[in-house]
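Visitor: Below you will find the structure I want to go over with you.
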Amino acid sequence: MLDINFIRENLDKVKKSVEARKANVDLEKLLSLDNERKNLIQQVDDLRAKRNEAAKARDKNQGTRIKDELQNQEKKLSAVQKDWEHLMLQVPNVIMDEVPIGDVSKNKVIRKNGEPPKFSFKPKDHMELGKLLDIIDFERGVKVAGFRGYFLKQAGARLQWAVLNFAFDHLTQKGFQGIVPPVINRSFALEGGGQFPWGQEDTYKVGEDEYLVGTSEIPLMALHADETFDMKDLPKKYVGVSPCFRTEIGSYGKDTKGLYRVHEFYKVEQVVLCEAQEQESLGFFEELQENSEEILDMLGLPYQVVVMSSEEMGKKQALQYDIETWMSGRAGYGETHSNSICLDFQTRRLKIKYRDSDGQIKFCHALNNTAIASPRILIPLLENNQLADGSVKIPEVLQKYTGFSEIKPK
RNA sequence: GGAGAGGUCGCAUAGUGGCCUAGUGCGGCGGUCUUGAAAACCGCUGUCUCGCAAGGGACCGUGAGUUCGAAUCUCACCCUCUCCGCCA
38 MLDINFIREN LDKVKKSVEA RKANVDLEKL LSLDNERKNL IQQVDDLRAK RNEAAKARDK
98 NQGTRIKDEL QNQEKKLSAV QKDWEHLMLQ VPNVIMDEVP IGDVSKNKVI RKNGEPPKFS
158 FKPKDHMELG KLLDIIDFER GVKVAGFRGY FLKQAGARLQ WAVLNFAFDH LTQKGFQGIV
218 PPVINRSFAL EGGGQFPWGQ EDTYKVGEDE YLVGTSEIPL MALHADETFD MKDLPKKYVG
278 VSPCFRTEIG SYGKDTKGLY RVHEFYKVEQ VVLCEAQEQE SLGFFEELQE NSEEILDMLG
338 LPYQVVVMSS EEMGKKQALQ YDIETWMSGR AGYGETHSNS ICLDFQTRRL KIKYRDSDGQ
398 IKFCHALNNT AIASPRILIP LLENNQLADG SVKIPEVLQK YTGFSEIKPK
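Per the working numbering, the first sequence starts with residue 38, numbered consecutively.
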């Protein structure tokens, strides 16, 4: 959420951002509602002041008269307030200068790292390999779980825990606090994290007010909702690991085969809360980016870093880098990581604050980035490391977690 | 799931319709004293919101309601604790 004062004072900037994202928000209506709201607040406050006086004087007649008028205006105010809040939640974050304006074609590759492997044979995709090695079972997965269901078996199951553990350990060693968060979250957490209203249909609803989160970023952000930090307690650096759930309703016909787009997966996620200084946040953005790239480097996976365009990035982000990892089965790059700097967009919704050195209370800045998500990351791990007979070599850093260095056809 | 108790300003506690502009203690900040510190004493010390300001208003778990007036009464909900039951 943006500050209404910021919207008023930087209307052009906000408008540009809304247009660049092709977002659907009526800013004019918001501003007129805001005026109405301010007037009503003034009126209601005046009436309350009068009511308080009348009550003090035990003036029943005066009191009754004011009471009626007050109830009237309060009703109006709460209706306007509700519409106002509804619209405020729909205003996307302001994009940073670095964001390319336009659709997916404007996504900009800024860096490539590692060479895609060359094969002397036609590489198999992970579905074939999964079957051949007997480590993925899609047929029974669909039988049991429905569309996009899967079982990971034997070495496949071990491999998934290995990557997750590897990434989790790696970040814990770097000073990130490891967290296993709840994944059934109340609506305030999803709304606060900026998942709602935009991603509502991609979210499973499991209770009156409870939802399955699509990323541990949601509970990790909500963790400190309504808290005010001392400066000395910042930054907060967390690494969460959790299952993630996504309906993928918006991607109905897309990536229908394989492990690429599934309804449930596991993810190790980095989250940072820091002071509200753009330079400092950008420093953490870099740091989170390096961490993810380092993990891919250690796994020996080639990748490219992409700056997401204004229409492709999420509504809560001010700037978003994705990492696309080389997947030999498709002979191309596929998204595996997403790095986001959200400034105070989420923390304002969640009321996560800190007391600055000047005594002022400010909203923290927040960032999040994927460390590793599986089973999607198994795609390049299997496809890029295959041998002619379908065997798959395990990257060295994972071997202490898997306990084997190779998966062989049965 | 059943039965009780409870949610008040960072923490602890007082407060059962108007003297609550929420008291007190602890903690924190500043000062006096001291070579320095402790102790003692004095003062200050919540958040949000409207306003250029002066100054208003809101907030006692959340939301409705009763009343001229609600932390206090009514209803619903959420959460915590204790005991019992069930259970990985």
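Backbone N, C-alpha and C fix where the C-beta goes; we use that ideal spot for every residue, glycine too. All values reported here derive from a predicted model rather than from experimental measurement.
Run the CB neighbour count on L48, radius 10 Å, all protein chains shown included, and call it buried at 16 or more, exposed below.
Guide: By the neighbour-count rule (16 or more Cβ atoms within 10 Å), L48 is not buried but exposed.
Visitor: Could you check if A313 is buried or exposed, using at least 16 other CB atoms within 10 Å of its CB as the buried criterion?
Guide: So A313 ends up on the buried side.
Visitor: Taking the alpha helix (DSSP H) that M335 belongs to, which residues open and close that run?
Guide: Here the alpha helix (DSSP H) through M335 covers 315–336.
Visitor: How many angstroms separate the CA atom of Q214 from the CA atom of D267?
Guide: Taking the straight line from one Cα to the other gives about 18 Å.
Visitor: Pull up the distance between the alpha-carbon of A94 and that of K269, whole angstroms please.
Guide: Spanning the two alpha carbons is a distance of roughly 49 Å.
Visitor: E306: which of R298, G295, V278, L333 sits nearest, CA to CA?
Guide: Considering only alpha carbons, the answer is V278.
Visitor: Contact check, L419 vs H261 under 8 Å by CB: the rounded distance?
Guide: So it is not a contact: roughly 38 Å between Cβ atoms.
Visitor: Using the three-state DSSP reduction, which class does W363 fall into: helix, strand or coil?
Guide: Note: W363 maps to strand in three-state DSSP.
Visitor: By the 10 Å Cβ neighbour count, where 16 or more other Cβ atoms means buried, how is P234 classified, buried or exposed?
Guide: Flag for P234 reads exposed.
Visitor: Quick one: complete beta strand (DSSP E) runs, 3+ long, within the region 196–232?
Guide: Listed in chain order, the complete beta strand (DSSP E) runs (minimum 3 residues) inside the region 196–232 are 214–216, 221–223.
Visitor: What's the call for T101, buried or exposed, on a 16-neighbour Cβ count within 10 Å?
Guide: Flag for T101 reads exposed.
Visitor: Of all the beta strand (DSSP E) runs that stay within the bounds of the region 358–445, which reach a length of 3 or more residues?
Guide: With a minimum length of 3 residues, the continuous beta strand (DSSP E) runs that stay inside the region 358–445 are 369–380, 390–392, 398–400, 402–411.
Visitor: In this structure, what does DSSP give as the bridge partners for L67?
Guide: Answer is none; L67 lacks a bridge partner.
Visitor: What is the rounded straight-line gap between the Cα of D71 and the Cα of L310?
Guide: Distance between the alpha carbons of D71 and L310: 30 Å.
Visitor: Would you call the CB atoms of G427 and K155 closer than 8 Å?
Guide: The answer is no: Cβ separation not under 8 Å.
Visitor: Would you grab the beta carbon distance between M364 and I332 for me? Rounded to a whole angstrom, and I think it's under 8 Å.
Guide: Incorrect: roughly 16 Å between the Cβ atoms, too far for contact.
Visitor: Give me the DSSP bridge partner(s) of F266.
Guide: Answer is Y391, bridged to F266.
Visitor: Quickly, what does DSSP pair Y340 with across the bridge? List them, please.
Guide: Y340 pairs with N150, T362.
Visitor: Among R367, D381, T362, Q383, which residue has its Cα nearest to the Cα of H374?
Guide: Nearest option by C-alpha distance: T362.
Visitor: In the DSSP assignment, what are the bridge partners of Q307?
Guide: Partner(s): V276, N406.
Visitor: Which residues in the same chain as Y438 place their Cβ atom closer than 6 Å to its Cβ, once the five residues preceding and following it in sequence are excluded?
Guide: Excluding sequence neighbours, Y438 sits near A199, N202, F203.
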